[in-house]
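Enquirer: Chains as they are written, first to last, in our numbering: chain R, 1 to 240; chain Y, 1001 to 1242.
All residues carry an ideal CB built from backbone N, CA and C; glycine is no exception.
Pasting in a structure now, in structure tokens, and then I'll have a few things to ask.
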Amino acid sequence: MSLSDQDVIRFSRHIILPEVGGRGQKRLKEASVLVAGLGASGSAAALYLAAAGVGGLTLWDPGVVTPQDLQGAIAHDWSRIGLPRARSAAVPLRAIYPENRMDVLEREADLLGDLPAHNVVVLSAGNWAELGPAAVRGGASAVFCGAHGADGAVTVVTPGSPCLGCLGAEQASLLGLFPDHGGIAAAAGVVGVMAATEAIKLILGVGTPLAGRVMRYNGWDCRFEEASFGAREGCACWHG
Amino acid sequence: MLAGKSVLIVGAGGLGSPAAYQLAAAGVGRICLCDADLVDLSNLQRQILHFSPDVGQPKVMSGAAKLRALNPAVVVEEYRGRLTAANARELFAPYDVVLDCSDNFATRYLVNDACVLLGKPQVHGSIFQFDGQVTVFQPGAGPCYRCVYPQPPAPGSVPSCAMAGVIGVLPGLVGSVMAMEAVKLLTGQGAPLVGRLVIYNALDMEFAEVRIRHDPACPICGEAPSICELIDYEAFCGGDGL
Ligand SMILES: [Zn+2]
Ligand SMILES: [Zn+2]
């Protein structure tokens, strides 16, 4: 799959970066990312993944767009109230980058089997304890993000890195690392864009991924705090 | 509470896109987008307020349409034109908070000086390649842009976004942090980034915070200010007198 003439202009600000270049942009176009959850932080993540030129986007969300969603989830609008969230979010994502291959999963049952077919999965909804291992054992990297009020947290699990089982559910919850729940738009933007940034870094193979690290954002104080975690002995790790 | 408040966003591009979306979602009553540019294909990699069919449209028009669709209760105003020393004070006066989402030094000094002269809080953000910065300048409560950056960089010493490139997600994070700071200023809740500069590196996903201080010798917010009205910012940043 090569870059179109339009792509070369569209992504010129990426292509000029040594860390991306034409090769990296092509890699983004060939890559596929599954976005599970199109609430507050998932919306921001999906919009930025589409804009950055990720060529394959698979969207899943169990809910429909409600008026309350629009206070936080910017991939939807009033004209799409009542639509399944994944179908609603596909509208702006296609409009942003029409060359993108978009897939909307309607059933949760399809989701589990589909996870390993992606380079990266961005999870802001669903049962992480089930979806995470299915993705990582299948060879995908997983980015977990969630926004709650003005706070949120993000982490990455790659095949080979410590998993959320190593961190433990109690510790994850203490660090604010759980799916989207009532996130306000700006904080969800911070968290969702962090998740998109990690997905893009993983696809490009640049920088230091957030594996074994949880990044927390506290919006009211504007504090970014990092907690690191290692492999836990006895953990039946997702890659193991 | 936010419904009675207003913001002016200077620049409907990389930083202005997420900031405008999120402030509209949050229900800020009145949002003005100020930008003279048309949507260009090369903007779409990071400016999520604009879609492919919008290429060639004025950015304020394209942006306002998205904000109205997201939250019809918000009054969205479009100022299609350049911010200048001649219009800045009048333009800023009716708004509670100004967000500097511009991409050039002349506009940054202009936004700063107009905000200081009006006593208006300003949320400031900037981006370069994989790095970003955010802070809040609140007259009387901390430094201003000139306290921190007394002189513009030599002309040509800082390459533009077109020459240096920028990772598309970078303004998404910086603009979102700016929106949260604006919400804090508008509601009076939380601890805004007054006197604190957050520095972000996307490649390593690392954040640092540095203290920035008010300079008593600052030419506009110091004890004996020499700048009492807006000046010629193109000349100030273009090398004249340097
Ligand atoms: Zn483990
Ligand atoms: Zn000053």
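#1: So what does Y:C1032 bridge to, in DSSP terms?
#2: Mapping DSSP to helix, strand and coil, what is R:T197?
#3: What residues of chain Y sit near R:W220, judged by a beta carbon separation below 8 Å?
#4: Does any residue of chain Y bring its CB to less than 8 Å from the CB of R:D77?
#5: Is it the case that the region 7-20 of chain R contacts the region 1160-1169 of chain Y, given that we only count it when at least three CB pairs across the two stretches are under 8 Å?
#6: On the CB-based measure, 16 or more other CB atoms within 10 Å of its CB, does Y:S1176 come out buried or exposed?
#7: Run the CB neighbour count on Y:V1074, radius 10 Å, all protein chains shown included, and call it buried at 16 or more, exposed below.
#8: What residue range is occupied by the uninterrupted alpha helix (DSSP H) comprising R:W128?
#9: So, do the region 1061-1081 of chain Y and the region 75-83 of chain R have three or more beta carbon pairs nearer to each other than 8 Å?
#10: Please list, in chain order, the residues of the region 1100-1116 of chain Y that have any C-beta partner in chain R closer than 9 Å.
#11: Using beta carbons (cut-off 8 Å, strictly below), is R:Q171 in contact with chain Y?
#12: Quick check on the DSSP output: what are the complete alpha helix (DSSP H) runs of length 4 or more inside the region 1055-1107 of chain Y, in order along the chain?
#13: Express the C-alpha separation of R:T155 and R:A235 in angstroms, rounding to a whole number.
#14: Does the beta carbon of Y:G1011 sit closer than 8 Å to a beta carbon anywhere in chain R?
#15: Classify R:R232 as helix, strand or coil using the three-state DSSP reduction.
#16: In chain order, which continuous runs of the beta strand (DSSP E) of length 3 or greater are located wholly inside the region 136-192 of chain R?
#17: What residues from chain R crowd round Y:V1177, counting only those whose CB sits closer than 8 Å?
#18: Entirely within the region 84-131 of chain R and at least 3 residues each: give me those beta strand (DSSP E) ranges in chain order.
#19: Taking C-alpha atoms, which residue in R:D61, R:I81, R:D5, R:G56 lies nearest to R:L70?
#20: Tell me whether Y:Q1151 sits in a helix, a strand or coil according to DSSP, three-state version.
#21: Would you check whether ligand 2 has a heavy atom nearer than 7 Å to the C-beta of Y:D1215?
#22: Who are the near neighbours of R:A89 in its chain, counting only those whose CB is closer than 7 Å to its CB and skipping five residues on each side?
#23: Leaving out the 5 sequence neighbours to the left and right, which residues in its chain are closer than 6 Å to R:G189 when beta-carbon positions are compared?
#24: Below 8 Å on the Cβ atoms is my guess for R:A186 versus R:G219; work out the distance and round it to an integer in Å.
#25: Measuring straight from C-alpha to C-alpha, what distance separates Y:K1184 and R:L83?
#26: Can you tell me which of the three DSSP states Y:S1176 falls into?
#27: Give every residue of the same chain whose Cβ lies closer than 6 Å to the Cβ of Y:R1082, excluding the five residues on either side of it in the sequence, and list them in chain order.
#28: Between R:L49, R:D114, R:K201, R:T197, which lies nearest to R:N100 when the distance is taken from Cα to Cα?
#29: R:L47 versus chain Y: which residues are under 7 Å apart at the beta carbon?
#30: Mind checking Y:G1188: buried by the 16 CB within 10 Å criterion, or exposed?
#31: Determine which residues of the region 1034-1061 of chain Y have a Cβ less than 9 Å from any Cβ of chain R, and write them out in chain order.
#32: To the nearest whole angstrom, what separates the beta carbons of R:C163 and R:G132, a pair I think is in contact under 8 Å?
#33: Can you tell me where the beta strand (DSSP E) with Y:L1023 in it begins and where it stops?
#34: Closest to Y:F1236 by CA distance: which of Y:L1038, Y:R1213, Y:A1065, Y:N1104 is it?
#35: Can you pull every residue whose C-beta falls closer than 5 Å to some heavy atom of ligand 1, listed in chain order?
#36: Can you name, in chain order, every residue of its own chain whose Cβ lies under 8 Å from the Cβ of Y:R1089, other than the five neighbours on each side?
Expert: Reading from the atomic positions:
#1: Y:L1008, Y:E1077
#2: helix
#3: K1184, Q1189, G1190, A1191
#4: yes
#5: yes
#6: buried
#7: buried
#8: 128-137
#9: yes
#10: none
#11: no
#12: 1059-1070, 1088-1092
#13: Per the sequence shown, residue 235 of chain R should be read as Cys rather than Ala. Their Cα atoms are separated by approximately 18 Å.
#14: no
#15: coil
#16: 141-148, 151-157
#17: A186, V190, C222
#18: 101-105, 120-123
#19: R:I81
#20: coil
#21: yes
#22: L38, S43, A46, L59, A75, H76
#23: A44
#24: 7 Å
#25: 32 Å
#26: helix
#27: A1036
#28: R:L49
#29: I1048
#30: exposed
#31: D1040, L1041, S1042, N1043, L1044, Q1045, R1046, Q1047, I1048, H1050, F1051, S1052, P1053, D1054
#32: 7 Å
#33: Y:L1023 -> not in any beta strand (DSSP E); alpha helix (DSSP H) instead, spanning 1016-1026.
#34: Y:N1104
#35: R:C163, R:G165, R:C166, R:C235, R:C237
#36: A1114, L1117, L1118, L1230
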